[in-house]
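J.: Under the working numbering, the first residue of the sequence shown carries the number 53, and numbering increases by one thereafter. C-beta: ideal position from N, C-alpha, C; glycine also. If you're wondering where the values come from, they're calculated on a predicted model, not measured in any experiment. My questions will all concern the structure given below.
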Amino acid sequence: MTGTPQISQLAEALADKSRSTILMVMMDGEFHTVNELARAAGIKSHTASYHLAKLTELQWVAMEKHGRFHYYQISNKELAQMLESCLQISPLKPSRSLNQSIENQMLYSGRICYDHLAGKIGVQLTDWLLEKNYIIKSEYG
């Protein structure tokens, strides 16, 4: 690969709230339709299609077509890891409703991020596996 990394394109892609929400929804590693992603981001389907086109252009999103439906997924593990790292340093948005507060607590407790268990449950399971020597910690964490 030749050229200079364009970190400003990365920042621009993440700066849009709808686009960031779409990426966060896809962190589950599953394929999603445009309508599902639009509903989650609180935008119209054509707006979600626009954002997905931008993400596809960056090769951040993979698309599969089945019949008349297009299904989208995060394109690679490295992107999912980068997004998860960004979540660790991002400021928290306060919950505005009881439902939102409950959902946030559930996500903190346990969730699947792309291809692994995350949240408090993921950390506890990893600690237990380390303690029992079922896994060993590498120099990379």
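Counting only runs of 4+ residues fully inside the segment 105 to 149, write out the alpha helix (DSSP H) ranges in chain order.
T.: If we require 4 residues or more, the alpha helix (DSSP H) runs fully inside the segment 105 to 149 come out as 129 to 141.
J.: Measuring straight from C-alpha to C-alpha, what distance separates leucine 177 and leucine 75?
T.: Here residue 177 refers to the residue found at position 125 when the sequence shown is read from its first residue. Here residue 75 refers to the residue found at position 23 when the sequence shown is read from its first residue. Roughly 26 angstroms separates the two Cα atoms.
J.: Considering only the alpha carbon of each residue, which of Asp80, Arg148, Ile59 and Leu104 lies closest to serine 70?
T.: For the purposes of this step, residue 70 is taken as residue 18 along the sequence shown, with counting starting at 1. It is Leu104.
J.: For threonine 54, does the three-state DSSP call read helix, strand or coil?
T.: By 1-based counting over the sequence shown, the position of residue 54 is 2. Coil at threonine 54, not helix or strand.
J.: Mind checking leucine 89: buried by the 16 CB within 10 Å criterion, or exposed?
T.: Translated into the one-based positions of the sequence shown, residue 89 becomes position 37. Leucine 89 is buried by the Cβ-count criterion.
J.: With DSSP as the reference, identify every bridge partner of histidine 84, one or two as the case may be.
T.: For the purposes of this step, residue 84 is identified with residue 32 of the sequence shown, where counting begins at 1. According to DSSP, histidine 84 bridges with Tyr124.
J.: Starting from the C-beta of glutamine 61, find all residues in its chain whose C-beta is less than 6 angstroms away, skip the five residues before and the five after it, and write them out in chain order.
T.: Within the sequence shown, numbered from 1, the residue matching residue 61 stands at position 9. Here the set comprises nothing.
J.: My output table needs one value for aspartate 179: the three-state DSSP class, helix, strand or coil.
T.: As a working note, residue 179 is residue 127 in the sequence shown. Helix at aspartate 179.
J.: Less than 8 angstroms between CB atoms is the rule here; does valine 86 satisfy it with respect to chain B?
T.: Of the chains in the structure shown, none is chain B; there is only one protein chain.
J.: Indicate the three-state DSSP secondary structure (helix, strand or coil) for histidine 172 in the structure shown.
T.: For the purposes of this step, residue 172 is taken as residue 120 along the sequence shown, with counting starting at 1. The amino acid at residue 172 is misidentified as histidine; the sequence shows lysine. It is helical.
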